[in-house]
Structures are given as C-alpha cells and as structure tokens.
Amino acid sequence: MILRCCPPVSASFRSTPLLDTSSPNCTLDLASTLEAGTPGSRIAGHSRSGSKAVMTIAFQFAFESHLQDSVAAMARQYMRSIISSVQRIALALSSSHLVPHGSSRLLPPVTPEAATLSRWIVQSYRFHFGAELIKAADAGSGESALKALWHHTSAILCCSLKAMPVLTFANQSGLDMLETTLAALREMTMDKVLDCDQGRKGLLCADLMASVAEQGYACVEGGTCASSMGRPASYGKAVAWKVLDDGGAGAGGAHCVCFAFMDWSFV
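Per the numbering used here, residue -8 is the first one in the sequence shown, and the count goes up by one each step.
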C-alpha cells in the first residue's frame, strides 16, 4: 500500500470560530450542513450548540517523483476519510446538544406544509397498497400523521419527481439511516442512496422511479443502500410510491415519491 510507504511527514489542523455569520465577508461556512433543525426548534439553554466554525487541515507527504500521481490519489482518499470522521463527530455532537438527556428525539416544527405532506403520504400509501402505513387513529389529522411518520420504525424518505431526484423529507429513522440532518438532506439525491449495490449500480434508482411513474408504486425485496458518509445499510424490503395531492390520481396531482426502507441496519 502506498500509505505505508508514504506516511504523512507532518499534519496540523485549526478550528476558526465564525463569530459573525451574517458578515458579507464570510463566504465559506463548512458547518452549515451540520446544523439540525431550524432556529425556532433549538432548545433554550443550548445557545452554544448553534455556533459554527471552519476547520482547516494541512498535511504533507514525502515521495519519489515517479509516485506523484499515486500519492496524490492516496492523499485525496486520506482526506476524504478525515472529513468523514469529522462529520460523524460533528453530527453526534450536534444531536447531543439539541436533545436533552433522557428525552425522546424532537419532532420538527409542525408547519402546515409538513402536516399536509404527511397526510398525502399516508393517503397515497393506502391508495396504492390497500393497507395502512400508520394506525388509522393517527391518520385523522396532518399533525398526528406527521408525529406517527416521524417516529415510524421504517426509514421514510421523500424525493422530487425530477430526473435528478433530490431528497426533500425524511423521518427520524431515515435521518439515522442516512447519517444526516434535515438541514443537510437536500444536498443528497436518491441515486446516491440506492445505487451503492455493485450488482445493480446505476440502475436501481432509475428502475424504481420508472416503475413508480408507470404504475404508481414499486417494491424491492431486500438490498443495500448507503448513508451520506458512504456507510452501507441493509434492508429487508423497500417500497416506493407516488405521493398524490388532494387532486388524486385522476387529476394527475403527483407531488413527490416516497420510499420506506423496512428492517434496516448498518452492515
């Protein structure tokens, strides 16, 4: 391995607090994607958890000239592994600051849009599969549906209907599976989550989206997906369905596509 032949000669890092994030001179904010929830959802007494910083990492390698390209490739991989580790730590610290010890993980702010989307997800699942995604008693209102979906054991993800399906919503189990936050969710696309299986690389997401577009739903009997950190997670079954708005299927009112990954666990 090149890494054994060319260990880092020296390395250092510096964390610089961003004291004034509203300043026009602040153009680089690497911590913004680690912020969970909206300002209104933060807990009083934990103001320090909202602080941001930029981490600068520097390292150098000694190598022979004919190994320059190989060492450059290795250095990029080395840097990616460091960034992944830092993201994991920052995400864990962010979660621990936002949730008091001994309490359940917080439900995001119940906005009219979130409540309406939750109601559409539940209604559309019933329409396509003839079964209930949540208890009937919880489907009575958008707010109760959102609460039931948020705490559902399956990882529930929603993505856009565009050619590049961007993630737009995830419940708590979905965020856990993706190892991300609601704030960073829109930086992910569904193909990056689904197409990590080497046997079906680049095909599963496209096939599922095509099936959903044609018949309104699709099913996968087990497989592997990937978190935002590239960590593989296996699932026993996955279903996808077209989320219809109040116009229904007859009016062609498709809002987004919803996925539910059942019995998932990290490999």
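All C-beta atoms in this analysis are idealised placements derived from N, C-alpha and C, irrespective of residue type, glycine included.
{"Query": "Please indicate yes or no: does the CB of residue 101 lie closer than 7 Å to some heavy atom of the ligand HEM?", "Result": "With respect to the ligand HEM, the structure shown offers nothing to examine, as it has no ligands at all."}
{"Query": "At the level of alpha carbons, what is the spacing between residue 254 and residue 247?", "Result": "23 Å"}
{"Query": "Would you mind reading off the limits of the beta strand (DSSP E) that contains residue 255?", "Result": "Looking at the DSSP string, residue 255 is not in any beta strand (DSSP E), and its letter there is neither H nor E."}
{"Query": "Along the chain, where does the alpha helix (DSSP H) containing residue 157 start, and where does it finish?", "Result": "Careful: residue 157 lies outside any alpha helix (DSSP H) and carries neither H nor E."}
{"Query": "Can the beta-carbon of residue 158 be found closer than 8 Å to that of residue 176?", "Result": "yes"}
{"Query": "Which term fits residue 172, buried or exposed, when burial requires 16 or more other beta carbons within 10 angstroms of its beta carbon?", "Result": "buried"}
{"Query": "Quick check on this structure: which residue in 133, 132, 134 and 139 has the alpha carbon closest to the alpha carbon of residue 124?", "Result": "139"}
{"Query": "Just tell me which of 144, 117, 160 and 57 has its CA closest to the CA of residue 104.", "Result": "160"}
{"Query": "Considering residue 230, what are the terminal residues of the beta strand (DSSP E) in which it resides?", "Result": "228 to 235"}
{"Query": "Helix, strand or coil: which one does DSSP assign to residue 107?", "Result": "helix"}
{"Query": "Identify, in the order they occur along the chain, each residue of the same chain with its Cβ nearer than 6 Å to the Cβ of residue 109, setting aside the five sequence neighbours on each side.", "Result": "133, 136, 137 and 140"}
{"Query": "Check residue 65 in the structure and name its three-state DSSP category.", "Result": "helix"}
{"Query": "Between which residues of its own chain and residue 6 is the CB-CB distance below 7 Å, once the five residues before and five after are set aside?", "Result": "44 and 46"}
{"Query": "Using only the alpha-carbon positions, how far apart do residue 235 and residue 117 sit?", "Result": "11 Å"}
{"Query": "To the nearest whole angstrom, what separates the beta carbons of residue 209 and residue 256, a pair I think is in contact under 8 Å?", "Result": "Going by Cβ atoms, the distance from residue 209 to residue 256 rounds to 22 Å, so no, they are not a contact pair."}
{"Query": "In the DSSP assignment, find the alpha helix (DSSP H) that holds residue 168 and state where it starts and stops.", "Result": "163 to 169"}
{"Query": "Given that a residue counts as buried once 16 or more other Cβ atoms are within 10 Å of its Cβ, and exposed if not, what is residue 53?", "Result": "exposed"}
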